[in-house]
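Here's the structure we're looking at; comments come further down.
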Amino acid sequence: NAGVTQTPKFRVLKTGQSMTLLCAQDMNHEYMYWYRQDPGMGLRLIHYSVGEGTTAKGEVPDGYNVSRLKKQNFLLGLESAAPSQTSVYFCASSYDSRPGREQFFGPGTRLTVL
Amino acid sequence: AQRVTQPEKLLSVFKGAPVELKCNYSYSGSPELFWYVQYSRQRLQLLLRHISRESIKGFTADLNKGETSFHLKKPFAQEEDSAMYYCALLMDSNYQLIWGAGTKLIIKP
Numbered sequence: 001n002a003g004v005t006q007t008p009k010f011r012v013l014k015t016g017q018s019m020t021l022l023c024a025q026d027m028n029h030e031y032m033y034w035y036r037q038d039p040g041m042g043l044r045l046i047h048y049s050v051g052e053g054t055t056a057k058g059e060v061p062d063g064y065n066v067s068r069l070k071k072q073n074f075l076l077g078l079e080s081a082a083p084s085q086t087s088v089y090f091c092a093s094s095y096d097s098r099p100g101r102e103q104f105f106g107p108g109t110r111l112t113v114l
Numbered sequence: 115a116q117r118v119t120q121p122e123k124l125l126s127v128f129k130g131a132p133v134e135l136k137c138n139y140s141y142s143g144s145p146e147l148f149w150y151v152q153y154s155r156q157r158l159q160l161l162l163r164h165i166s167r168e169s170i171k172g173f174t175a176d177l178n179k180g181e182t183s184f185h186l187k188k189p190f191a192q193e194e195d196s197a198m199y200y201c202a203l204l205m206d207s208n209y210q211l212i213w214g215a216g217t218k219l220i221i222k223p
């Protein structure tokens with residue numbers, strides 16, 4: 001099993017460009033999450049999904065959109081990238097959200113917006 | 115507001131010495147606490163969770179609700195313990211994780 005995979009691993013964008021980050025999991029997990037990590041800060045939740053066809057906002061959703069058309073995929077879109085979106089993006093998944101349930105993480109995508 | 119604080123950005127100890135990574139939280143609900151670890155060139159992964167009351171790789175952590183702390187301890191550090199350690203709080207209101215900023219642990223030979 002590949003677990004959680006993220007595409008691409010690195011990307012450099014110019015301000016105003018758009019892009020989509022792809023997260024895929026092969027563990028049949030219901031829940032999927034997108035986080036961003038900035039220097040000196042903990043992970044912050046951008047959006048999450050509790051199942052196919054559902055999405056919800058996290059702590060820092062502005063400037064991002066997401067879609068969960070298939071259970072195994074969770075896409076994060078930046079419609080008009082800004083330098084403030086320079087960050088490392090992590091995708092995670094979990095079987096459900098019950099207390100104690102482990103989240104499994106992807107390797108991360110390093111995004112730079114110039 | 116809910117918050118997780120890891121006061122040490124960097125902790126350096128010698129091999130064989132005891133290790134304590136501090137985690138304090140602020141949350142009005144019923145907390146569920148976790149420690150996640152990221153070894154060099156590896157993914158972030160769960161180390162332990164307080165509800166399991168387990169010891170993983172010699173690490174233990176006890177939830178102290180009075181002091182609102184969940185410190186991670188190991189009596190004898192090993193070089194392979196060098197990594198980034200993150201404390202996380204699961205909010206029972208929406209089941210989202212709130213993360214600390216992390217502590218980089220370096221074990222010196």
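Respectively, the protein sequence lines represent chains A and B.
Sequential numbering from 1 applies to the first sequence in the working numbering.
Sequential numbering from 115 applies to the second sequence in the working numbering.
Idealized CB from N, CA, C, for every residue including glycine.
Between the options, which has its C-alpha nearest residue i's C-alpha?
i: glycine 180 (chain B); options: B:Thr174, B:Val127 and B:Tyr139; result: B:Tyr139
i: proline 122 (chain B); options: B:Tyr199, B:Gln210, B:Met205 and B:Ile212; result: Per the sequence shown, the amino acid found at residue 122 (chain B) is glutamate instead of proline. Of the listed residues, the one whose Cα sits closest to glutamate 122 (chain B) is B:Tyr199.
i: leucine 203 (chain B); options: A:Leu21, A:Leu43 and A:Ser80; result: A:Leu43
i: valine 88 (chain A); options: A:Met32, A:Asn28 and A:Thr7; result: A:Thr7
i: proline 39 (chain A); options: B:Lys222, B:Leu135 and B:Thr217; result: B:Thr217
i: glycine 3 (chain A); options: B:Ser154, B:Asn208, B:Gln159 and B:Leu211; result: B:Gln159
i: cysteine 91 (chain A); options: A:Asn28, A:Ser18 and A:Arg36; result: A:Arg36
i: serine 154 (chain B); options: B:Val118, B:Ala115, B:Asp195 and B:Lys136; result: B:Asp195
i: alanine 73 (chain B); options: B:Leu211, B:Gln210, B:Ala191 and B:Ala215; result: The displayed coordinates of chain B run from 115 to 223. Any statement about residue 73 (chain B) would go beyond what the structure contains.
i: aspartate 26 (chain A); options: A:Asp62, A:Gln72, A:Met41 and A:Thr20; result: A:Gln72
i: phenylalanine 148 (chain B); options: B:Arg167, B:Arg157 and B:Asn208; result: B:Arg167
i: glutamine 120 (chain B); options: B:Val151, B:Ala175, B:His185 and B:Leu162; result: B:His185
i: alanine 215 (chain B); options: B:Val151, B:Arg163, B:Asp176 and B:Ile170; result: B:Val151
i: tryptophan 34 (chain A); options: A:Gln17, A:Arg101, A:Thr112 and A:Leu78; result: A:Leu78
i: lysine 70 (chain A); options: A:Met19, A:Gln17 and A:His29; result: A:His29
i: threonine 20 (chain A); options: A:Met41, A:Gln85 and A:Val66; result: A:Val66
Can you find the residues in the same chain that come closer than 6 angstroms, C-beta to C-beta, to residue i, ignoring five residues on each side of it along the sequence?
i: aspartate 206 (chain B); result: Gly143 and Ser144
i: lysine 188 (chain B); result: Val133, Gly172 and Phe173
i: leucine 125 (chain B); result: Thr217 and Leu219
i: phenylalanine 10 (chain A); result: Arg110
i: valine 60 (chain A); result: Arg44 and Ile46
i: serine 183 (chain B); result: Asn138
i: isoleucine 170 (chain B); result: Leu161 and Leu162
i: threonine 112 (chain A); result: Val12 and Thr86
CB-CB under 8 angstroms to residue i, same chain, minus the five flanking residues each way: which ones, in chain order?
i: leucine 222 (chain B); result: Before going on, a small fix: residue 222 (chain B) reads as lysine here, not leucine. Excluding residues within five positions, the ones whose Cβ falls inside 8 angstroms are Ser126, Val127, Phe128 and Lys129.
i: leucine 114 (chain A); result: Val12, Leu13, Lys14, Thr15 and Pro83
i: glutamate 286 (chain B); result: Outside the shown range of chain B, which is 115 to 223, sits residue 286 (chain B), and nothing can be said about it.
So, for residue i: in the same chain, excluding its five sequence neighbours on each side, which residues have a beta-carbon less than 7 angstroms away from its beta-carbon?
i: arginine 68 (chain A); result: Met32, Ser49, Glu52, Gly53, Thr54, Thr55 and Phe74
i: tryptophan 213 (chain B); result: Val118, Tyr200 and Ala202
i: threonine 157 (chain A); result: The question about residue 157 (chain A) has no answer here: the residues shown for chain A are numbered 1 through 114.
i: tyrosine 141 (chain B); result: Gln116, Leu203 and Met205
i: aspartate 96 (chain A); result: Glu30 and Tyr31
Please name the residue or residues paired with residue i in a DSSP beta bridge.
i: asparagine 138 (chain B); result: B:Thr119 and B:Ser183
i: glutamine 192 (chain B); result: Note: glutamine 192 (chain B) sits in no beta bridge, so no partner.
i: isoleucine 220 (chain B); result: B:Ser126
i: arginine 110 (chain A); result: A:Phe10 and A:Val88
i: alanine 202 (chain B); result: B:Phe148 and B:Trp213
i: alanine 24 (chain A); result: A:Thr5 and A:Asn73
i: alanine 197 (chain B); result: B:Leu219
- Message: To be precise: take each residue of the segment 189-221 of chain B, compare its Cβ to all Cβ atoms of chain A, and keep it if any distance is under 9 angstroms. Which residues remain?
- Response: Within the segment 189-221 of chain B, contact with chain A at the beta-carbon level (separation under 9 angstroms) is assigned to Tyr200, Cys201, Ala202, Leu204, Asp206, Asn208, Tyr209, Gln210, Leu211, Ile212, Trp213, Gly214, Ala215 and Gly216.
- Got a sec: which bits of the segment 116-127 of chain B sit with their beta carbon under 7 angstroms from any beta carbon on chain A, in order along the chain? Residues passing the 7 angstroms Cβ filter: Val118.
- Query: Which of the residues in the segment 39-57 of chain A, read from start to end, lie with their CB under 8 angstroms from any CB of chain B?
  - Reply: Listed by position, the residues of the segment 39-57 of chain A near chain B (Cβ gap below 8 angstroms) are Gly40, Met41, Gly42, Leu43, Arg44, Leu45 and Tyr48.
- Query: Where are the beta strand (DSSP E) runs, 3 residues long or more, that stay fully inside the segment 37-108 of chain A, in chain order?
  - Reply: The DSSP assignment places complete beta strand (DSSP E) segments of no fewer than 3 residues inside the segment 37-108 of chain A at 44-49, 65-67, 73-78 and 87-94, in order along the chain.
- Give the residues from the segment 78-90 of chain A that approach chain B closer than 8 angstroms (Cβ to any Cβ), ordered along the chain. Cβ proximity to chain B below 8 angstroms picks out Phe90 from the segment 78-90 of chain A.
- Just by C-beta distance, which residues in the segment 152-165 of chain B are closer than 8 angstroms to chain A? Within the segment 152-165 of chain B, the residues whose Cβ lies closer than 8 angstroms to some Cβ of chain A are Arg157, Leu158, Gln159, Leu160, Arg163 and Ile165, listed in chain order.
- Could you name each continuous beta strand (DSSP E) segment of 3 residues or more that falls completely within the segment 149-184 of chain B, going from the start of the chain to the end? Within the segment 149-184 of chain B, the complete beta strand (DSSP E) runs of at least 3 residues are 159-163.
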